[in-house]
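S.K.: In this note's numbering, the protein residues as written are -15 to 316. Glycine included, every Cβ here is placed at the ideal spot set by N, Cα and C. For reference, the structure I am asking about is given below.
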Amino acid sequence: MGFERLTVAAQNKRHIFETDLFANIISKIKIGDEKVKRIVADHLRTSCFLISDGITPANTDHGYILRRLLRRVIRHKINNPDEILETIVSQYVKIYKNLDLVKIKQIINEEKTKFEKTLGLGLKQFEKGIDTFTLFTTYGFPIELTREIAKEKGIEVDIKDFEEKMKEHREISRAGMEEKFKGGLAGHSEMEIKYHTATHLLHQALREILGDHVVQKGSNITPKRLRFDFSHSDKMTDEEKQKVENLVNQKIKEKLSVSVEEMRMEEAKKRGALGVFEEKYGDRVKVYSIGDFSKEICGGPHVKNTSELGKFKIQKEEAIAAGVRRARAVLE
(Lines of atoms letter the chains of each structure in order from A and count residues from 1; the text may use other names and numbers.)
(Lines give C-alpha, C1' and ligand atoms only; values in the text may rest on other atoms or scores of the structure.)
Protein backbone atom coordinates (compact mmCIF):
# COMPACT_ATOMS: atom_id res chain seq x y z
CA MET A 1 0.00 0.00 0.00
CA GLY A 2 1.38 3.40 -1.01
CA PHE A 3 1.84 6.43 1.24
CA GLU A 4 -1.17 8.27 -0.20
CA ARG A 5 -3.47 5.28 0.37
CA LEU A 6 -2.21 5.05 3.93
CA THR A 7 -3.03 8.74 4.33
CA VAL A 8 -6.59 8.13 3.10
CA ALA A 9 -7.01 5.33 5.63
CA ALA A 10 -5.35 7.21 8.51
CA GLN A 11 -7.50 10.31 7.97
CA ASN A 12 -10.64 8.23 7.35
CA LYS A 13 -11.35 9.86 3.98
CA ARG A 14 -13.01 8.47 0.87
CA HIS A 15 -10.15 9.36 -1.48
CA ILE A 16 -6.80 11.15 -1.65
CA PHE A 17 -8.30 14.49 -2.71
CA GLU A 18 -10.11 14.80 0.64
CA THR A 19 -6.88 14.39 2.64
CA ASP A 20 -4.66 17.25 3.77
CA LEU A 21 -2.29 16.37 0.91
CA PHE A 22 -4.75 17.97 -1.52
CA ALA A 23 -7.54 19.72 0.41
CA ASN A 24 -5.67 23.02 0.85
CA ILE A 25 -4.63 23.06 -2.81
CA ILE A 26 -8.14 22.31 -4.10
CA SER A 27 -9.60 25.06 -1.89
CA LYS A 28 -7.59 27.62 -3.91
CA ILE A 29 -8.99 26.49 -7.28
CA LYS A 30 -11.94 28.71 -8.12
CA ILE A 31 -13.08 27.29 -11.47
CA GLY A 32 -14.62 24.09 -12.77
CA ASP A 33 -16.43 21.19 -11.17
CA GLU A 34 -14.87 18.79 -8.68
CA LYS A 35 -13.28 16.68 -11.43
CA VAL A 36 -11.55 19.71 -12.99
CA LYS A 37 -10.31 20.87 -9.58
CA ARG A 38 -8.77 17.46 -8.91
CA ILE A 39 -7.07 17.42 -12.31
CA VAL A 40 -5.62 20.90 -11.81
CA ALA A 41 -4.43 20.13 -8.27
CA ASP A 42 -2.84 16.82 -9.23
CA HIS A 43 -1.20 18.11 -12.42
CA LEU A 44 0.19 21.29 -10.85
CA ARG A 45 1.55 19.43 -7.82
CA THR A 46 3.26 16.87 -10.06
CA SER A 47 4.62 19.64 -12.29
CA CYS A 48 6.17 21.42 -9.30
CA PHE A 49 8.14 18.30 -8.38
CA LEU A 50 9.19 17.58 -11.97
CA ILE A 51 10.47 21.14 -12.47
CA SER A 52 12.35 21.01 -9.17
CA ASP A 53 14.01 17.78 -10.35
CA GLY A 54 15.39 19.64 -13.37
CA ILE A 55 12.77 18.59 -15.93
CA THR A 56 11.68 21.25 -18.41
CA PRO A 57 8.79 21.17 -20.93
CA ALA A 58 9.79 19.46 -24.19
CA ASN A 59 8.39 17.26 -26.94
CA THR A 60 10.28 14.14 -25.83
CA ASP A 61 10.86 11.95 -22.77
CA HIS A 62 10.17 13.36 -19.29
CA GLY A 63 9.85 16.85 -20.72
CA TYR A 64 6.84 15.77 -22.77
CA ILE A 65 5.11 14.38 -19.68
CA LEU A 66 5.56 17.77 -17.98
CA ARG A 67 4.36 19.61 -21.09
CA ARG A 68 1.20 17.49 -21.30
CA LEU A 69 0.40 18.06 -17.63
CA LEU A 70 0.87 21.82 -17.86
CA ARG A 71 -1.01 22.24 -21.12
CA ARG A 72 -3.97 20.32 -19.79
CA VAL A 73 -4.06 22.72 -16.82
CA ILE A 74 -3.62 25.78 -19.05
CA ARG A 75 -6.60 24.69 -21.16
CA HIS A 76 -8.81 25.13 -18.09
CA LYS A 77 -7.84 28.84 -17.93
CA ILE A 78 -7.06 29.03 -14.22
CA ASN A 79 -7.34 32.67 -13.07
CA ASN A 80 -5.07 32.40 -10.00
CA PRO A 81 -2.22 29.97 -10.86
CA ASP A 82 0.35 31.79 -8.71
CA GLU A 83 -1.78 31.44 -5.58
CA ILE A 84 -2.18 27.70 -6.21
CA LEU A 85 1.55 27.24 -6.81
CA GLU A 86 2.37 29.18 -3.64
CA THR A 87 0.07 26.87 -1.67
CA ILE A 88 1.71 23.74 -3.12
CA VAL A 89 5.25 24.93 -2.44
CA SER A 90 4.52 26.17 1.10
CA GLN A 91 2.89 22.83 1.91
CA TYR A 92 5.77 20.64 0.69
CA VAL A 93 8.95 22.72 0.85
CA LYS A 94 9.84 21.61 4.38
CA ILE A 95 10.17 17.98 3.28
CA TYR A 96 11.26 18.67 -0.32
CA LYS A 97 13.71 21.54 -0.06
CA ASN A 98 14.45 21.66 -3.81
CA LEU A 99 11.08 23.28 -4.48
CA ASP A 100 11.90 26.71 -5.92
CA LEU A 101 8.76 28.84 -6.26
CA VAL A 102 10.40 31.51 -8.43
CA LYS A 103 11.76 28.92 -10.86
CA ILE A 104 8.47 26.98 -10.92
CA LYS A 105 6.44 30.12 -11.69
CA GLN A 106 8.89 31.19 -14.36
CA ILE A 107 8.86 27.89 -16.24
CA ILE A 108 5.08 27.50 -16.03
CA ASN A 109 4.49 31.08 -17.20
CA GLU A 110 6.91 30.57 -20.10
CA GLU A 111 5.09 27.38 -21.07
CA LYS A 112 1.74 29.17 -20.83
CA THR A 113 2.94 31.91 -23.19
CA LYS A 114 4.40 29.38 -25.59
CA PHE A 115 1.27 27.22 -25.52
CA GLU A 116 -1.02 30.16 -26.21
CA LYS A 117 1.05 30.93 -29.32
CA THR A 118 1.07 27.25 -30.29
CA LEU A 119 -2.67 27.05 -29.77
CA GLY A 120 -3.33 30.03 -32.02
CA LEU A 121 -1.03 28.80 -34.78
CA GLY A 122 -2.10 25.18 -34.43
CA LEU A 123 -5.79 26.02 -34.67
CA LYS A 124 -5.17 27.86 -37.94
CA GLN A 125 -3.33 24.84 -39.35
CA PHE A 126 -6.01 22.52 -37.99
CA GLU A 127 -8.66 24.47 -39.87
CA LYS A 128 -6.56 24.07 -43.04
CA GLY A 129 -6.70 20.30 -42.61
CA ILE A 130 -3.00 19.81 -41.78
CA ASP A 131 -2.42 16.19 -40.68
CA THR A 132 -2.00 15.30 -37.00
CA PHE A 133 1.66 14.27 -37.29
CA THR A 134 2.69 17.58 -38.89
CA LEU A 135 0.71 19.50 -36.28
CA PHE A 136 2.72 17.72 -33.58
CA THR A 137 6.23 17.73 -35.07
CA THR A 138 6.17 21.11 -36.82
CA TYR A 139 3.80 23.19 -34.69
CA GLY A 140 4.15 21.43 -31.31
CA PHE A 141 0.41 20.71 -31.21
CA PRO A 142 -0.13 17.75 -28.80
CA ILE A 143 -2.03 14.76 -30.19
CA GLU A 144 -4.32 14.79 -27.14
CA LEU A 145 -5.31 18.39 -27.87
CA THR A 146 -5.85 17.61 -31.56
CA ARG A 147 -8.18 14.76 -30.60
CA GLU A 148 -10.03 16.96 -28.10
CA ILE A 149 -10.63 19.77 -30.60
CA ALA A 150 -11.49 17.32 -33.37
CA LYS A 151 -14.11 15.73 -31.10
CA GLU A 152 -15.62 19.16 -30.39
CA LYS A 153 -15.88 19.78 -34.13
CA GLY A 154 -17.14 16.29 -34.96
CA ILE A 155 -14.00 15.39 -36.94
CA GLU A 156 -12.37 11.95 -36.80
CA VAL A 157 -8.60 11.83 -36.24
CA ASP A 158 -6.55 9.10 -37.95
CA ILE A 159 -4.67 7.87 -34.87
CA LYS A 160 -3.24 4.84 -36.67
CA ASP A 161 -1.56 7.05 -39.28
CA PHE A 162 -0.17 9.29 -36.52
CA GLU A 163 1.25 6.33 -34.57
CA GLU A 164 2.88 4.84 -37.67
CA LYS A 165 4.56 8.14 -38.54
CA MET A 166 5.65 8.65 -34.93
CA LYS A 167 7.18 5.16 -34.85
CA GLU A 168 9.18 5.94 -37.98
CA HIS A 169 10.18 9.32 -36.51
CA ARG A 170 11.43 7.68 -33.29
CA GLU A 171 13.44 5.07 -35.20
CA ILE A 172 15.19 7.81 -37.16
CA SER A 173 15.88 9.75 -33.96
CA ARG A 174 17.14 6.63 -32.18
CA ALA A 175 19.51 5.84 -35.02
CA GLY A 176 20.90 9.35 -34.78
CA MET A 177 21.28 9.14 -31.02
CA GLU A 178 23.42 6.02 -31.34
CA GLU A 179 26.06 8.24 -32.92
CA LYS A 180 26.09 10.61 -29.95
CA PHE A 181 27.68 10.54 -26.52
CA LYS A 182 25.90 8.12 -24.19
CA GLY A 183 27.29 7.19 -20.80
CA GLY A 184 30.88 7.57 -21.97
CA LEU A 185 33.12 9.03 -24.64
CA ALA A 186 32.80 8.02 -28.29
CA GLY A 187 36.30 9.16 -29.29
CA HIS A 188 39.46 8.36 -27.37
CA SER A 189 42.00 10.89 -28.59
CA GLU A 190 44.10 12.64 -25.95
CA MET A 191 42.22 15.93 -26.34
CA GLU A 192 38.79 14.28 -26.32
CA ILE A 193 39.64 12.57 -23.03
CA LYS A 194 40.74 15.92 -21.58
CA TYR A 195 37.54 17.59 -22.73
CA HIS A 196 35.55 14.73 -21.23
CA THR A 197 37.01 15.39 -17.79
CA ALA A 198 36.54 19.14 -18.29
CA THR A 199 32.86 18.46 -18.98
CA HIS A 200 32.48 16.85 -15.56
CA LEU A 201 34.16 19.86 -13.94
CA LEU A 202 31.89 22.22 -15.87
CA HIS A 203 28.76 20.29 -14.83
CA GLN A 204 29.59 20.53 -11.14
CA ALA A 205 30.71 24.16 -11.40
CA LEU A 206 27.39 25.11 -13.02
CA ARG A 207 25.50 23.41 -10.19
CA GLU A 208 27.53 25.23 -7.55
CA ILE A 209 27.17 28.67 -9.17
CA LEU A 210 23.64 28.45 -10.63
CA GLY A 211 22.02 25.88 -8.32
CA ASP A 212 21.24 22.18 -7.96
CA HIS A 213 18.47 22.42 -10.55
CA VAL A 214 21.19 22.24 -13.21
CA VAL A 215 21.31 18.77 -14.76
CA GLN A 216 22.90 17.52 -17.95
CA LYS A 217 20.64 17.54 -21.01
CA GLY A 218 23.23 16.60 -23.61
CA SER A 219 26.92 16.60 -24.41
CA ASN A 220 29.14 16.58 -27.48
CA ILE A 221 32.92 16.43 -27.49
CA THR A 222 35.45 16.82 -30.30
CA PRO A 223 39.25 17.17 -30.19
CA LYS A 224 38.77 20.95 -30.48
CA ARG A 225 36.01 21.82 -27.99
CA LEU A 226 33.27 20.62 -25.67
CA ARG A 227 29.56 21.38 -25.86
CA PHE A 228 27.38 20.91 -22.81
CA ASP A 229 23.57 21.28 -22.62
CA PHE A 230 22.02 21.85 -19.20
CA SER A 231 18.74 22.77 -17.53
CA HIS A 232 18.54 26.47 -16.67
CA SER A 233 15.94 29.04 -17.63
CA ASP A 234 17.89 32.30 -17.67
CA LYS A 235 20.73 33.54 -19.81
CA MET A 236 23.91 33.40 -17.75
CA THR A 237 25.29 36.79 -16.81
CA ASP A 238 28.90 37.66 -17.57
CA GLU A 239 29.57 37.44 -13.84
CA GLU A 240 28.09 33.93 -13.62
CA LYS A 241 30.10 32.73 -16.61
CA GLN A 242 33.26 34.15 -15.07
CA LYS A 243 32.54 32.46 -11.74
CA VAL A 244 31.98 29.09 -13.43
CA GLU A 245 35.14 29.50 -15.50
CA ASN A 246 37.16 30.50 -12.44
CA LEU A 247 35.87 27.55 -10.41
CA VAL A 248 36.79 25.04 -13.13
CA ASN A 249 40.27 26.57 -13.46
CA GLN A 250 40.67 26.53 -9.69
CA LYS A 251 39.99 22.78 -9.64
CA ILE A 252 42.46 22.28 -12.47
CA LYS A 253 45.12 24.18 -10.48
CA GLU A 254 44.37 22.09 -7.38
CA LYS A 255 45.68 19.03 -9.28
CA LEU A 256 42.78 16.83 -8.23
CA SER A 257 43.11 13.09 -8.75
CA VAL A 258 40.52 11.38 -10.95
CA SER A 259 39.44 7.95 -9.71
CA VAL A 260 36.92 5.34 -10.85
CA GLU A 261 34.94 2.78 -8.89
CA GLU A 262 32.43 0.20 -10.08
CA MET A 263 29.29 -0.32 -8.00
CA ARG A 264 25.58 -1.06 -8.15
CA MET A 265 23.32 1.72 -9.41
CA GLU A 266 21.54 1.99 -6.05
CA GLU A 267 24.86 2.55 -4.28
CA ALA A 268 25.92 5.18 -6.84
CA LYS A 269 22.73 7.15 -6.21
CA LYS A 270 23.15 6.85 -2.43
CA ARG A 271 26.62 8.36 -2.76
CA GLY A 272 25.20 11.31 -4.67
CA ALA A 273 26.66 10.45 -8.07
CA LEU A 274 25.14 12.50 -10.88
CA GLY A 275 23.82 10.71 -13.95
CA VAL A 276 21.62 11.18 -16.97
CA PHE A 277 18.88 9.09 -15.42
CA GLU A 278 16.72 9.13 -18.55
CA GLU A 279 19.41 6.84 -19.95
CA LYS A 280 19.27 3.08 -19.37
CA TYR A 281 22.22 1.99 -17.28
CA GLY A 282 23.08 -1.57 -16.32
CA ASP A 283 22.84 -2.97 -12.79
CA ARG A 284 26.48 -2.06 -12.21
CA VAL A 285 27.95 1.29 -13.20
CA LYS A 286 31.26 3.12 -13.14
CA VAL A 287 31.45 6.21 -10.96
CA TYR A 288 34.20 8.74 -11.70
CA SER A 289 35.24 11.07 -8.88
CA ILE A 290 37.34 14.20 -9.32
CA GLY A 291 38.72 14.77 -5.85
CA ASP A 292 35.82 15.68 -3.56
CA PHE A 293 34.46 18.10 -6.16
CA SER A 294 32.65 15.94 -8.74
CA LYS A 295 31.09 12.48 -8.76
CA GLU A 296 29.32 11.15 -11.88
CA ILE A 297 28.11 7.89 -13.37
CA CYS A 298 30.10 7.59 -16.57
CA GLY A 299 31.67 5.07 -18.93
CA GLY A 300 34.93 7.02 -19.15
CA PRO A 301 37.72 7.40 -20.08
CA HIS A 302 39.22 10.36 -18.20
CA VAL A 303 42.59 11.88 -17.40
CA LYS A 304 44.37 10.80 -14.20
CA ASN A 305 44.72 14.32 -12.79
CA THR A 306 43.09 17.68 -13.51
CA SER A 307 46.54 19.26 -13.90
CA GLU A 308 46.65 17.66 -17.37
CA LEU A 309 43.85 19.87 -18.69
CA GLY A 310 45.33 23.33 -19.18
CA LYS A 311 43.28 26.53 -18.98
CA PHE A 312 39.49 26.28 -19.34
CA LYS A 313 37.51 29.00 -21.15
CA ILE A 314 33.80 29.37 -21.94
CA GLN A 315 33.43 30.69 -25.49
CA LYS A 316 29.66 30.87 -25.76
CA GLU A 317 26.47 30.29 -23.77
CA GLU A 318 23.06 30.29 -25.43
CA ALA A 319 19.49 28.97 -25.28
CA ILE A 320 18.63 25.91 -27.38
CA ALA A 321 15.13 25.20 -25.99
CA ALA A 322 12.79 26.41 -23.27
CA GLY A 323 14.66 25.91 -20.01
CA VAL A 324 17.74 24.44 -21.68
CA ARG A 325 21.04 26.28 -22.19
CA ARG A 326 24.16 25.29 -24.13
CA ALA A 327 27.74 26.10 -23.16
CA ARG A 328 30.69 25.78 -25.55
CA ALA A 329 34.16 25.76 -24.04
CA VAL A 330 37.78 25.10 -24.94
CA LEU A 331 41.01 24.15 -23.21
CA GLU A 332 43.91 26.45 -23.97
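With contact counted as at least three CB pairs below 8 angstroms, one residue from each stretch, are the region 200 to 208 and the region 245 to 252 in contact?
M.R.: Touching, no, given that fewer than three Cβ pairs across the two stretches are closer than 8 angstroms.
S.K.: Return yes when the Cβ of residue 30 is within less than 9 angstroms of the Cβ of residue 53, no when it is not.
M.R.: Going by C-beta atoms, residue 53 is nearer than 9 angstroms to residue 30.
S.K.: With a cut-off of 8 angstroms on the beta carbons, I'd call residue 304 and residue 213 a contact; round off their distance for me.
M.R.: With a Cβ gap of about 6 angstroms, residue 304 and residue 213 count as contacting.
S.K.: Based on the DSSP output, what are the partners of residue 315 in its beta bridges?
M.R.: Residue 315 pairs with 296.
S.K.: Who does residue 249 pair with in a DSSP beta bridge?
M.R.: Partner(s): none; residue 249 has no beta bridge.
S.K.: Provide the residue span of the alpha helix (DSSP H) that contains residue 277, from first to last.
M.R.: Residue 277 -> no alpha helix (DSSP H), and no H or E assigned at all.
S.K.: Is the CB-CB distance between residue 129 and residue 188 below 9 angstroms?
M.R.: Contact: no.
S.K.: Just to confirm, are residue 275 and residue 227 a CB contact at a threshold of 9 angstroms?
M.R.: Not in contact: residue 275 and residue 227 (Cβ atoms no closer than 9 angstroms).
S.K.: Can you tell me whether residue 375 is buried or exposed? The criterion is at least 16 other CB atoms within 10 Å of its CB, across all chains shown.
M.R.: Nothing can be reported for residue 375, as the shown portion of the chain is limited to -15 through 316.
S.K.: Report all residues from its chain with a CB closer than 8 angstroms to the CB of residue 233; omit the five preceding and five following residues, and keep chain order.
M.R.: 295, 296, listed in sequence order.
S.K.: Could you give the DSSP three-state label for residue 93: helix, strand or coil?
M.R.: In this structure, residue 93 counts as helix in the three-state DSSP scheme.
S.K.: Under 6 angstroms Cβ to Cβ from residue 293, same chain only, skipping five residues before and after it: list those, please.
M.R.: Only 178, 182, 236, 315 meet the Cβ criterion.
S.K.: If you draw a straight line from the alpha carbon of residue 203 to that of residue 211, how long is it in whole angstroms?
M.R.: Rounded to the nearest angstrom, the two C-alpha atoms are 6 angstroms apart.
S.K.: Out of curiosity, what's the CA-to-CA distance linking residue 4 and residue 196?
M.R.: The alpha-carbon atoms of residue 4 and residue 196 are separated by roughly 29 angstroms.
S.K.: Taking residue 59 as the reference, which of 289, 81, 27 has the closest Cα?
M.R.: Closest by alpha carbon: 27.
S.K.: Helix or strand or just coil, what does DSSP make of residue 214?
M.R.: DSSP places residue 214 in strand when its eight states are reduced to three.
S.K.: Under 8 angstroms: do the region 41 to 57 and the region 90 to 108 share three or more Cβ pairs, one atom per stretch?
M.R.: Counting Cβ pairs under 8 angstroms, three or more are found: they touch.
S.K.: Closest by CA to residue 91, which one among 79, 192, 134, 47?
M.R.: Residue 91 has its Cα closest to that of 47, out of 79, 192, 134, 47.
S.K.: Quick one: give me the first and last residue of the beta strand (DSSP E) that residue 204 is part of.
M.R.: Element bounds for residue 204: 200 to 205.
S.K.: So what's residue 303 in DSSP terms, helix, strand or just coil?
M.R.: Reduced to three states, the DSSP call for residue 303 is strand.
S.K.: So who's on the other strand from residue 270, going by DSSP bridges?
M.R.: According to DSSP, residue 270 bridges with 246.
S.K.: For the alpha helix (DSSP H) that residue 47 lies in, which residues bound it at each end?
M.R.: Looking at the DSSP string, the run of the alpha helix (DSSP H) that includes residue 47 is 45 to 59.
S.K.: If residue 77 and residue 24 are in contact, beta carbons under 8 angstroms, what's the gap, nearest whole angstrom?
M.R.: Not really, about 20 angstroms apart at Cβ, beyond 8 angstroms.
S.K.: Just to confirm the assignment, what range does the alpha helix (DSSP H) spanning residue 179 have?
M.R.: That run of the alpha helix (DSSP H) goes 174 to 194.
S.K.: Check whether the Cβ of residue 281 lies closer than 9 angstroms to any Cβ atom in chain D.
M.R.: Here there is only one protein chain, and chain D is not present.
S.K.: For residue 33 versus residue 83, is the C-beta distance shorter than 9 angstroms?
M.R.: Yes, the pair counts as a contact, with Cβ atoms nearer than the cut-off.
S.K.: Whole angstroms is fine: what's the gap from residue 131's alpha carbon to residue 224's?
M.R.: Looking at the two C-alpha atoms, the distance is approximately 44 angstroms.
S.K.: With distances taken between CB atoms, is the gap from residue 13 to residue 21 smaller than 9 angstroms?
M.R.: The answer is yes: Cβ separation under 9 angstroms.
S.K.: Based on Cα-Cα distance, which residue from 180, 240, 219 lies nearest to residue 317?
M.R.: No answer is possible for residue 317: it lies beyond the span of the chain, which begins at -15 and ends at 316.
S.K.: Cα separation between residue 143 and residue 119?
M.R.: Their Cα atoms are separated by approximately 13 angstroms.
S.K.: Taking buried to mean at least 16 other C-beta atoms within 10 Å of its own C-beta, is residue -10 buried or exposed?
M.R.: Per the 10 Å Cβ criterion, exposed.
S.K.: Leaving out five residues before and five after residue 6 in sequence, what residues of the same chain have Cβ atoms less than 8 angstroms from its Cβ?
M.R.: Counting only Cβ-Cβ distances below 8 angstroms, and skipping sequence neighbours, we find 0, 22, 25, 26, 29.
S.K.: Taking all protein chains shown into account, decide if residue 172 is buried (16 or more other Cβ within 10 angstroms of its Cβ) or exposed.
M.R.: Label assigned to residue 172: exposed.
S.K.: Could you check the C-alpha separation between residue 190 and residue 88 for me, to the nearest Å?
M.R.: For residue 190 and residue 88, the distance between alpha carbons rounds to 19 angstroms.
S.K.: Taking DSSP's pairing of strands, which residues face residue 86 in a bridge?
M.R.: Residue 86 pairs with nothing; no bridge assigned.
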